[in-house]
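Reminder that position 61 of the sequence shown reads as 165 in my numbering, one-by-one numbering, no gaps.
As structure tokens, the structure follows; a few thoughts come after it.
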Amino acid sequence: MQKQLIVNADDLGMSQGINRGILEAHIEGIVSSSTAIVNLPASKAGIKLAQAEAPALGLGLHFNLTYGQPILKAREVPSLVRSNGDFVSLARGLSLYHHWRPKDIAAELSAQFERFTEYAGCLPDHLDSHQLVCSLSAECREVILDIAETYHLPVRQGGRYLYSRFEEQFASWGSLPKTIAPSLFKRYPLKRHSHIFDRDHPSPDHFEYGFHNTRATVTQLLDILENLPEGLTELVCHPGYPDIESDAYAHRELELNSLKDPQVKALIEAQHITLSTFAVLEDSSQDQKTLVSLGK
105 MQKQLIVNAD DLGMSQGINR GILEAHIEGI VSSSTAIVNL PASKAGIKLA
155 QAEAPALGLG LHFNLTYGQP ILKAREVPSL VRSNGDFVSL ARGLSLYHHW
205 RPKDIAAELS AQFERFTEYA GCLPDHLDSH QLVCSLSAEC REVILDIAET
255 YHLPVRQGGR YLYSRFEEQF ASWGSLPKTI APSLFKRYPL KRHSHIFDRD
305 HPSPDHFEYG FHNTRATVTQ LLDILENLPE GLTELVCHPG YPDIESDAYA
355 HRELELNSLK DPQVKALIEA QHITLSTFAV LEDSSQDQKT LVSLGK
């Protein structure tokens, strides 16, 4: 069985520096796909830049409930925002005391979907979410799957990965309060919402989130590629250049440099790994499914 790899760069549109970094990681590196945030000042420019300079780059929608401000007015989605109009934090949105309301989630995510089609002039090729919120919140997951089914779009497969490695994942993030994981388990036990996470929907066979923050080294990336399973894998990354709009994300340049490293390209060729986009899940014609490896 063939090894296919979607290298998806999250957060297109978060800032000009991240937009530049993602395009560079595609043109000079191994990034084959990206997902765009659409509620930020650099969002439209990021989508237009990708379409103009990187037509082979897969382009999906990165639903966002935790960064910046919603597209809708604060009074229309009150459970999603703070008093200053910004989104509440991930921890607060998932907490037992201040919880996102399903109707607010549905309204804002629908508005973001419409905004993407307005900016891009087409549908996204897949759906996922910022900070894996659609894998942490059953309500968010259900809304996203409803949209995906309506428009026949693939989605990120991250839910069972997070549940199987929940404590390890949050420990690696470090900055999040340790009380988050227990409260999430109480509110979202896997069995309670298995009907949502088990909904049959096109997704990659495997999900790889081990290339992140300080672990985004060439050594780590080579290890992932050497042990890549057969089938279709999505590897999530966050390349970019730190700038005035995102100076808290200095690690993104480390990711960018690792994704462009010649050793990485050489190993992909040696392992006969085919770089793909989510179109592999949309079209049954093999010659339309995959990119030409490293020949963008």
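Here a beta-carbon is modelled for each residue, glycine too, at the ideal position from N, C-alpha and C.
Nonlocal neighbours in the same chain, by C-beta distance under 6 Å from residue i, ignoring five residues either side
i           : result
residue 332 : 107
residue 373 : none
residue 205 : 183
residue 309 : 335, 336
residue 370 : none
residue 313 : 340
residue 400 : Residue placement at residue 400 is poorly supported in this model, since its pLDDT is 41, which falls under 50; the coordinates still yield a value, given next. If we look at residue 400 and ignore the five residues flanking it on each side, its Cβ neighbours are 160.
Enclosing alpha helix (DSSP H) for residue i [first to last residue]
i           : result
residue 248 : 242-255
residue 125 : 120-131
residue 177 : Element bounds for residue 177: n/a, residue is neither H nor E.
residue 223 : 206-224
residue 322 : 322-330
residue 362 : 355-363
residue 366 : 366-374
residue 197 : 194-197
Beta-carbon proximity of residue i to residue j, cut-off 8 Å
i           : j           : result
residue 368 : residue 326 : yes
residue 258 : residue 306 : yes
residue 406 : residue 110 : Since the first residue of the chain shown is 105 and the last is 400, residue 406 is not available in this structure.
residue 154 : residue 165 : no
residue 172 : residue 143 : yes
residue 329 : residue 237 : no
residue 181 : residue 192 : no
residue 158 : residue 127 : yes
residue 386 : residue 232 : no
residue 125 : residue 319 : no
residue 381 : residue 137 : yes
residue 255 : residue 227 : yes
N- and C-terminal bounds of the beta strand (DSSP E) containing residue i
i           : result
residue 116 : 107-116
residue 422 : The requested residue 422 is not part of the displayed model; the chain covers only 105 to 400.
residue 380 : Where residue 380 is concerned, there is no enclosing beta strand (DSSP E), given that its DSSP letter is neither H nor E.
residue 338 : 335-341
residue 403 : The structure shown does not extend to residue 403, since the chain is modelled only from 105 through 400, so no value can be given for it.
Spatial neighbours of residue i in its chain, beta-carbon cut-off 7 Å, leaving aside the 5 residues before and after
i           : result
residue 150 : 116, 117, 123, 140
residue 210 : 247
residue 277 : With a pLDDT of only 49 at residue 277, under 50, the local geometry of the prediction cannot be trusted, and the value read off the model is given with reservation. Within the same chain, residue 277 has no close Cβ partners at all.
residue 296 : Confidence is the limiting factor: at residue 296 the pLDDT is only 43, short of 50, which leaves the residue's position unreliable, though a coordinate-based value still follows. If we look at residue 296 and ignore the five residues flanking it on each side, it has no Cβ neighbours.
residue 105 : 334, 335
residue 317 : 355
residue 353 : 344, 346
Nearest neighbour of residue i, chosen from the options [CA to CA]
i           : options            : result
residue 148 : 221, 213, 105      : 221
residue 130 : 112, 142, 145, 253 : 112
residue 167 : 216, 177, 146      : 216
residue 207 : 366, 386, 176      : 176
residue 133 : 334, 238, 190, 365 : 365
residue 160 : 198, 179, 341, 135 : 135
residue 152 : 242, 224, 197      : 224
residue 383 : 371, 189, 260      : 260
residue 203 : 243, 235, 375, 189 : 243
residue 218 : 198, 245, 251, 313 : 251
residue 198 : 190, 241, 189      : 241
Short CB-CB distance (under 8 Å) between residue i and chain D
i           : result
residue 166 : No chain D is part of this structure, which consists of one protein chain only.
8 Å CB neighbourhood of residue i in its chain, flanking five on each side removed
i           : result
residue 315 : 324, 325, 328, 339, 340, 341, 359, 362
residue 321 : 358, 362
residue 234 : 114, 115, 141, 166, 167, 168, 169, 170, 171
residue 190 : 172, 173
residue 345 : 121, 122, 124, 125, 356, 357, 360
Could you tell me which whole alpha helix (DSSP H) segments of length 4 or greater appear in the stretch 140-172? 147-157
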